[in-house]
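Oh and the sequence shown: position 695 is 698 in my numbering, straight run, nothing missing.
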Amino acid sequence: MRNKIVYQNSAFSLLLGFFLMILTFSYSVLGAQPIPSLTYTVSLQPNQRGRVEIAVQGYNTSSMSFRILSTDTVLNAILNIGDASAYDSQNLPLSLSPLSNGWRVNNPGRGNFTFKYSFGTSLMRTGEYGTYFCRVSPDGAFFLNEVVFLYPDELPGRIEVVFQKPSSWTIGTSLTPLGNDHYSIPSAPDLKSGLIYDSTRMGVAEAVATENCGGTPITFIAYKPTSSYERFWYPAYGNSQVQQMQEYINLNCNSINYFKSIFGFWPGSDRYWISTFSTGVMERPTNYDHWMQAWPRERYSQVPHHTLHAWIWSGNPQASLLFNAEENSWFHEGIPSYYESKLTAVLTGNTMWRGALYPDYLITKRAAKFGLLKKGSVNNYALGCMRALAMDKKIAESTSGKKSLDHLLTVLGQRYGLSKTGFNRDEMLNTLTEVTGSNLNNFYQSYFSGQVSSELPPVDGYMIDYLGNFLQWLDYQLTSQTYMNQAKGFRTMFLIDIELALHDSIGYGSDEHSTATASGLYHLDKFRNAIGNSASVTKEKVIKTLSSLTGVDQSDFFEFYTVLGVTPSVNEIMAWLEKSSTTTTTVPPTTTTIAPSSEGGGGGGGCFIATAAYGSPMEYHVQILRDFRDRYLLDHKLGKKFVNLYYQATPQIAQAISKSETLRFLTRWLLIPFVGVAYLTINFGIMTTLLIITLAILLLISFVWVLRKTDIFFRHYYF
């Protein structure tokens with residue numbers, strides 16, 4: 004009996020030793036040299052140059068180059084950067100070699116080092132009206148990451164960003180929050196795109212809300228209306244600011260899901276954010292797979308347009324579908340413009356939004372008369388929209404109503420979007436033939452080939468169906484509290500502004516596109532000053548005034564719009580002149596605060612238990628688990644469900660663990676196998692990790708089998 008006890012104790016000791024050996028090995032592997040990583044610390048103060056310090060760790064190289072990777076070929080973004088310096092781990096200076104778009108840090112010691120520089124307060128493209136790429140003001144800050152973050156030639160394994168800024172400023176970004184103004188870069192599709200192709204905005208937030216959209220958190224940040232940030236909500240809407248934010252989040256989510264159903268994939272970030280837009284400056288729109296501007300309710304149709312830009316837009320370096328043909332504007336801007344009205348009417352359940360298509364029809368017809376179809380804004384938006392409408396109707400007619408423009412986008416998305424290879428005119432025509440079963444080459448040649456086709460698209464017969472919705476939409480816009488209220492509710496003033504904007508050479512922000520999308524009427528003051536008082540207004544005087552202001556013969560102004568369904572009126576102009584002399588007051592919005600959701604957020608970016616066990620979201624083991632979540636779990640449907648369940652179930656457990664040192668110690672040991680699997684998967688891939696686990700299980704089974712055989716042997720010969 005004594006021998007049996009000795010044997011059992013020995014067997015238990017061997018088994019325990021085996022597990023301890025595995026745990027020790029895992030712990031030693033995880034305690035090895037961290038993967039190469041960068042930590043950007045960005046310091047910001049109002050009206051001062053920003054400062055960046057890059058902590059470089061885990062590299063074994065004698066030099067490293069850091070470059071500006073701006074995709075804008077016109078802007079010299081390197082001029083935004085200055086005061087570059089570098090220091091080794093002992094805070095001794097390292098030498099720098101200047102490059103055309105950055106610097107090379109010479110590091111003979113091959114250890115960790117820091118690279119520091121500053122960036123400007125108001126970078127904008129020379130000669131362009133109000134388009135800022137980087138702005139630090141009293142109200143906050145905005146910058147495209149591509150003009151602030153210098154990026155190394157050597158690929159890092161992990162990137163994190165820490166912001167040091169005024170406590171009153173709220174950060175807007177699609178980066179993954181770790182807590183305390185600390186963020187990590189999403190690992191898919193690659194670290195560079197996760198950092199560079201994004202934007203960052205700061206300001207005083209009145210409210211913040213986060214909702215989950217099919218596994219992608221959408222955060223709405225309502226910045227306090229200032230000289231830099233306009234309102235997205237007005238009391239006249241009849242709801243609360245909170246309700247308006249929720250309405251806007253839902254509209255964005257539904258737009259994303261609609262286009263995901265068409266293309267079959269989402270090319271964007273794993274986080275998505277919305278913020279109020281700026282006034283006074285026209286900040287350059289960035290990638291809409293990360294960030295959406297929040298407009299007042301009257302501009303809801305902008306949401307589907309810019310959501311579609313996540314897939315289709317020549318200005319988005321991450322866009323999936325790029326049409327490489329001279330007439331690409333009808334595809335890149337015309338199709339999103341067409342879906343403005345088409346999809347908004349569906350998503351809101353209000354057919355009034357179908358009427359948002361009609362101004363593009365008016366502009367196209369009027370621009371054709373004056374030879375303005377090649378004008379950039381007309382070509383991109385109005386003419387492009389009419390081309391997209393004509394294509395949608397032609398596909399439907401060719402398939403007896405069974406297919407639409409949606410089906411063309413589906414095939415193009417699957418064939419060229421997933422690979423981001425781009426496609427040419429012949430490939431477009433081949434796809435059209437495949438979708439419709441008909442040869443549409445002659446149709447395309449007549450209305451699409453070339454920047455401006457030889458003939459206008461044949462849409463006149465369709466537009467009668469949109470006229471009623473347009474008049475309803477127009478009355479809604481002209482009585483709003485936004486810039487459209489300069490018309491004081493009179494339709495004629497909308498038409499006059501189109502006439503003036505068509506011939507305005509100032510450019511973006513005051514052209515006919517802005518009038519058509521309800522962003523504002525910018526020319527009516529000019530008309531008021533030129534026309535004089537209301538008592539002397541006649542048709543002849545209106546025509547003479549418009550002709551003088553536009554530089555073209557406007558003698559058909561009244562007849563032209565009457566034929567197209569909107570009748571200009573001298574009486575309306577007279578009433579407007581009398582009414583526009585009075586001022587209107589707007590009730591300021593109330594301030595509401597919504598606490599940010601914990602969806603994927605605090606507690607180590609969602610790793611609640613690991614953060615509680617190891618004490619910090621930045622601890623090495625927590626970062627491994629977080630990287631595993633971002634790279635593998637969130638990329639799969641079951642993984643996302645598991646993560647969501649984890650977020651719901653673990654916060655209270657984590658809170659209990661954090662209060663007990665014993666529980667923290669036990670949890671750390673229990674987590675080691677999970678951290679080991681995550682580490683192996685991240686560094687060696689899923690298949691290699693599965694092979695290693697399988698071999699370990701077989702080894703354990705073999706070990707147990709040997710023990711059982713040994714037990715039988717001992718019992719047979721000794722007992």
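Every residue, glycine too, gets a C-beta built ideally from N, C-alpha and C.
N- and C-terminal bounds of the alpha helix (DSSP H) containing residue i
| i | result |
| --- | --- |
| Trp476 | 463-481 |
| Ala615 | 611-617 |
| Gly387 | 387-401 |
| His526 | Where His526 is concerned, there is no enclosing alpha helix (DSSP H), given that its DSSP letter is neither H nor E. |
| Lys544 | 542-553 |
| Asn574 | 573-582 |
Unbroken beta strand (DSSP E) run spanning residue i, endpoints
| i | result |
| --- | --- |
| Phe730 | Past the boundaries of the shown model lies residue 730; the chain is included only from 4 to 722, so the question cannot be answered. |
| His410 | Run containing His410: none in the beta strand (DSSP E); it sits in the alpha helix (DSSP H), 408-415. |
| Asn109 | 105-109 |
| Leu99 | 99-102 |
Residues that DSSP places opposite residue i in a beta bridge
| i | result |
| --- | --- |
| Gly175 | Arg204 |
| Ser803 | This structure cannot speak to residue 803, because the chain is shown only from 4 to 722. |
| Gly218 | Gly218 pairs with nothing; no bridge assigned. |
| Trp672 | The partner list for Trp672 (beta bridge, DSSP) is empty, contrary to what the question assumes. |
| Cys137 | Leu126, Phe146 |
| Ser278 | Ile224, Gln296 |
| Arg54 | Ser46, Ser121 |
| Ala210 | Ala225 |
| Val88 | Checking the displayed sequence, the identity of residue 88 turns out to be Ser instead of Val. For Ser88, which the question treats as bridged, DSSP gives the partners Lys119. |
| Tyr154 | Arg70 |
For residue i, three-class secondary structure by DSSP
| i | result |
| --- | --- |
| Glu163 | strand |
| Ser66 | strand |
| Ile71 | coil |
| Phe645 | helix |
| Leu376 | coil |
| Ile534 | helix |
| Thr44 | strand |
| Tyr291 | coil |
| Trp316 | coil |
| Arg128 | coil |
| Ala490 | helix |
| Pro270 | coil |
| Ser332 | helix |
| Gly607 | Annotation note: pLDDT 36 at Gly607 (below 50); position unreliable, coordinate value reported separately. Three-state result, Gly607: helix. |
| Ser449 | helix |
| Asp500 | helix |
| Pro460 | coil |
| Thr587 | With a pLDDT of 41 at Thr587, under the threshold of 50, the predicted position of this residue should be treated as unreliable, and no value is reported. |
| Phe426 | strand |
| Val680 | helix |
| Gln244 | helix |
| Leu78 | coil |
| Phe235 | coil |
Residues of its chain near residue i, where Cβ-Cβ distance is below 8 Å and the 5 sequence neighbours each way are ignored
| i | result |
| --- | --- |
| Phe677 | Leu628 |
| Lys406 | Ile398, Ala399, Val438, Thr439 |
| Glu581 | Ser537 |
| Glu575 | Phe493, Arg494, Thr495, Met496 |
Cutoff 9 Å: residue i Cβ touching any chain B Cβ
| i | result |
| --- | --- |
| Leu698 | Although the question refers to chain B, the structure presented lacks it and comprises just one protein chain. |
Own chain, CB closer than 6 Å to residue i, minus 5 neighbours either side, in chain order
| i | result |
| --- | --- |
| Thr548 | Ala533, Ile534 |
| Pro299 | Phe235, Thr485 |
| Ser441 | Ser401 |
| His293 | Ser177, Asp201, Ser272 |
| Glu301 | Gln480, Ser483, Thr485, Ala521 |
| Ala385 | Asp363, Ile366, Thr367 |
Other residues of its chain near residue i: CB distance less than 7 Å, five sequence neighbours each side excluded
| i | result |
| --- | --- |
| Val590 | Bear in mind that a pLDDT of 32 at Val590, under 50, signals an unreliable position, so the number given afterwards is only what the model happens to contain. Contacts found: Pro238. |
| Ala613 | Gly607, His624, Val625, Leu628, Leu674 |
| Ile695 | Leu683 |
| Arg671 | Ala616, Tyr617 |
| Arg531 | Leu580, Ser583 |
Closer than 8 Å: residue i CB and nearest the ligand MG heavy atom
| i | result |
| --- | --- |
| Tyr342 | As presented, the structure is devoid of all ligands, the ligand MG included, so that no description of it is given. |
Touch test, the region 238-246 against the region 187-196, Cβ-Cβ under 8 Å, three pairs minimum: no
Inter-stretch contact (C-beta, 8 Å, three-pair minimum) for the region 448-463 and the region 388-403: yes
Stretch-stretch touch, CB-based, cutoff 8 Å, three pairs: the region 111-122 with the region 48-63: yes
Three-pair Cβ contact test at 8 Å for the region 196-205 versus the region 153-173: yes
Any 3 or more C-beta pairs closer than 8 Å across the region 44-56 and the region 65-81: no
The region 464-484 / the region 339-356 touching (three or more Cβ pairs under 8 Å): yes
Validate contact between the region 156-165 and the region 211-222 using beta carbons, cut 8 Å, 3 pairs: no
Contact between the region 441-456 and the region 321-331 (3+ Cβ pairs under 8 Å): yes
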